[in-house]
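Taking my numbering, I'd label the letters of the sequence shown as residues 361 to 575. We put the beta carbon where it would ideally sit given N, CA and C, even for glycine. Given the structure is predicted, the values throughout are model-derived calculations rather than measurements. Input: a single structure, listed below in structure tokens.
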Amino acid sequence: MMNPETQYNLLNQKIAEENERSAAIMKEKADYKIQIWFKSDRSMHSPIAFTLSFWESGKRMHGGGDEMMFICKRNEDAKDVTPFEVASVSKGKASARGCGSLIPGEMVLPGGLAVCPHCGVKHKSTEIGDSIFYRATIDNAAKILETWWRKLDGNADIYAKYSPTDPRTKMMYQNYNHIVAREKKGLTIYPLKNILKDTSAGASVFSRFKAFITA
Ligand SMILES: [Zn+2]
361 MMNPETQYNL LNQKIAEENE RSAAIMKEKA DYKIQIWFKS DRSMHSPIAF TLSFWESGKR
421 MHGGGDEMMF ICKRNEDAKD VTPFEVASVS KGKASARGCG SLIPGEMVLP GGLAVCPHCG
481 VKHKSTEIGD SIFYRATIDN AAKILETWWR KLDGNADIYA KYSPTDPRTK MMYQNYNHIV
541 AREKKGLTIY PLKNILKDTS AGASVFSRFK AFITA
């Protein structure tokens, strides 16, 4: 039987090791996460349909889970922005629907009002979305992805989900059980450290993203 002091020391040592491990994992993560979700097959010949959504990673939030960001763009059926809804900080930048930038979770007030830090417009959180739908060629899809990645200071991991008929999804079903496969929808990740490694070797971000989209 171990004496209590030894037991206590062992426990502390275990906690310290555990903390070190999670700190190392966190350090590897980017501050942001972009998810590209392919809604159609990824064809070189016809435009592909996909959505983009954006998270602040748990690292940026000082631990805890990732937090999805809203997009400063009012739904089509919502009414236009009125002068009253434009906070005083930066009038002029706002358009009738909002500026299209990202609104972090901390800018969503308890009453459900979201304030855009870029243009100052206040939206009801029910009138704005958290993903953007695109239909674009592979080249344009890579450009769109690069534009958003740069907007997030080039500090984002990229996650991809695939349509049910995509070979990637089928591969997931072969390698994992159904629940995992359904959850992940053929998920692949292009972590920031790999993006930086690949581009430091001379490849452009655009060409790397294009390769990731078509892989
Ligand atoms: Zn805005």
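Exercise for the section: In the DSSP assignment, find the unbroken alpha helix (DSSP H) run with Ile573 in it and report its ends. Expected result: Val565 to Thr574
Exercise for the section: Return the CA-CA distance between Arg601 and Phe410, expressed in angstroms with no decimal places. Expected result: As displayed, the chain neither begins before 361 nor continues past 575, which places residue 601 out of reach and without an answer.
Handout entry: CB contact flag (Lys389, Ser417, <8 angstroms)
Key = yes
Handout entry: Exposed unless 16 or more other CB atoms sit within 10 angstroms - verdict on Tyr368
Key = exposed
Practice task
Taking Leu473 as part of the beta strand (DSSP E), name the residues at either end of that continuous run.
Solution key: Leu473 to Val475
Handout entry: Best match in Lys399, Ala447 and Glu466 for proximity to Ile573 [C-alpha to C-alpha]
Key = Lys399
Problem - Simplified DSSP state of Asp517, which is helix, strand or coil - result: strand
Practice task
May I ask you to check if the CB of Gly458 is nearer than 7 angstroms to at least one heavy atom of ligand 1?
Solution key: yes
Practice task
Given a cut-off of 8 angstroms, decide if Ala496 and Pro551 are closer than it, judged by their beta-carbon atoms.
Solution key: no
Problem - Leu505: first and last residue of the uninterrupted alpha helix (DSSP H) it sits in - result: Ile498 to Lys511
Problem - Continuous beta strand (DSSP E) stretch holding Ser413: start and end - result: Ile408 to Glu416
Exercise for the section: With a threshold of 7 angstroms, establish whether the CB of Val540 neighbours any heavy atom of ligand 1. Expected result: no
Practice task
State the DSSP-derived secondary structure class of Thr548, mapped to helix, strand or coil.
Solution key: strand
Exercise for the section: Give the straight-line distance between the Cα atoms of Glu365 and Leu371, rounded to the nearest whole angstrom. Expected result: 10 angstroms
Problem - Limits of the alpha helix (DSSP H) - the one that Lys533 falls within - result: The displayed chain sequence assigns Tyr, not Lys, to residue 533. Tyr533 -> alpha helix (DSSP H) spans Pro527 to Asn535.
Handout entry: Rounded separation between Lys484 and Met362 - CA only
Key = 59 angstroms
Practice task
Answer yes if the stretch 497 to 510 comes into contact with the stretch 553 to 566, meaning at least three C-beta pairs across the two stretches below 8 angstroms, and no otherwise.
Solution key: yes
Problem - First and last residue of the uninterrupted beta strand (DSSP E) at Phe444 - result: Phe444 -> no beta strand (DSSP E), and no H or E assigned at all.
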